[in-house]
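Engineer:
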Amino acid sequence: MRALVFANGDLPSQALIDELRAGADLVVAADGGVDKAAAAGVEVDAIVGDFDSVSAEARSRLPRERFHHEPALDATDLEKAVRFCVGRGCTAIDVVAAGGGRADHALANLSILAMFGRSARVRVVDDRFEVSLVDGEATVEGPPGTVVSLVAVGRCQGVTTRGLRWDLSDRTLVFSPLGIHNEILTSPVTVSVHTGDLLLFKGRWVEKHG
90 MRALVFANGD
100 LPSQALIDEL
110 RAGADLVVAA
120 DGGVDKAAAA
130 GVEVDAIVGD
140 FDSVSAEARS
150 RLPRERFHHE
160 PALDATDLEK
170 AVRFCVGRGC
180 TAIDVVAAGG
190 GRADHALANL
200 SILAMFGRSA
210 RVRVVDDRFE
220 VSLVDGEATV
230 EGPPGTVVSL
240 VAVGRCQGVT
250 TRGLRWDLSD
260 RTLVFSPLGI
270 HNEILTSPVT
280 VSVHTGDLLL
290 FKGRWVEKHG
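In the numbering used here, the protein residues as written are 90 to 299.
1. Do the region 256-276 and the region 199-209 meet, that is, are 3 or more Cβ pairs less than 8 angstroms apart?
2. Please determine, among G122, P152, P232 and C174, the residue with the shortest C-alpha to C-alpha distance to R91.
3. Below 8 angstroms on the Cβ atoms is my contact criterion, and I expect F95 with A119 to pass it. Report the Cβ-Cβ distance as a whole number of Å.
4. Starting from the C-beta of D134, find all residues in its chain whose C-beta is less than 6 angstroms away, skip the five residues before and the five after it, and write them out in chain order.
5. What distance in whole Å lies between the Cβ atoms of F264 and G243, which are believed to be in contact at a cut-off of 8 angstroms?
6. Cutting at 8 angstroms between CB atoms, please list the residues of its own chain near L105, excluding the five before and the five after it.
7. Curious, which full-length beta strand (DSSP E) runs of at least 3 residues does the region 204-267 contain?
8. So R155 and I136 are supposed to be a Cβ contact under 8 angstroms. How far apart are they, rounded?
9. How long is the line joining the alpha carbons of G252 and P101, rounded to whole angstroms?
10. So, for L196: in the same chain, excluding its five sequence neighbours on each side, which residues have a beta-carbon less than 8 angstroms away from its beta-carbon?
11. Do H298 and G247 have their CB atoms nearer than 7 angstroms?
12. Under DSSP, the alpha helix (DSSP H) around L274 begins and ends at which residues?
13. Please find out if some non-hydrogen atom of the ligand ATP comes closer than 6 angstroms to the beta-carbon of F205.
14. What distance in whole Å lies between the Cβ atoms of L288 and D183, which are believed to be in contact at a cut-off of 8 angstroms?
15. By DSSP, does H157 sit in helix, in strand, or in coil?
16. Please go through the same chain and pick out, in chain order, the residues whose beta-carbon is closer than 7 angstroms to the beta-carbon of L199, but skip the five residues on each side of it.
If you want it as structure tokens, here you go:
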């Protein structure tokens, strides 16, 4: 079961939203994300959050049973929305509108990958990247030159890649620029990690180094 979650950040292109919506069995808004979904012409099945940013228009337009109030202040609305999807049995969750605006919010939104990326295949998707957690091992397909970045959240040990222009072998990565802007040399690429939370950024464009 696949879910599409709207956060309350900048929307990606309509083409990308339409593509993701077509494959979704469940559409969920994280609080004010309901208005972002409406702006993209998408009707949501559920709104989850503390409702401090839902518009009056959305409150009056949508049935009350679609609103799932989660007032806890020690979790973000996006965290609540993704947990809602996992609780409904979703095994694949795509999150859009998770970037733009405040850098702290954008970084916190990426943290859901470390929180839930071992319970479901969770991706944060925009027009430039698909971001996911490497749960032991991941496979990346794409034409040569496709941009791939690896970002360690904390400390990641035993990072090994095969098929990138600059492969890694049993490396330890920490939260640093090391791992940024590699590229596919031969597809499919494999990325593995023994311990730690490693984020995989797969670019949606080709940019071969000289």
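Quick reminder that beta carbons are idealized off the backbone N, C-alpha and C, glycines included.
Structural biologist: Well, looking at it:
1. no
2. C174
3. 7 angstroms
4. L115 and V116
5. 6 angstroms
6. V185, V214, D215 and D216
7. 210-214, 218-222, 226-229, 235-251 and 260-263
8. 6 angstroms
9. 29 angstroms
10. none
11. no
12. No alpha helix (DSSP H) contains L274, which DSSP labels as neither H nor E.
13. Of the ligands one can find in the structure shown there are none, so the ligand ATP has no counterpart to examine.
14. Rounded, the Cβ-Cβ distance is 16 angstroms, inconsistent with contact.
15. strand
16. V213, V220 and L288
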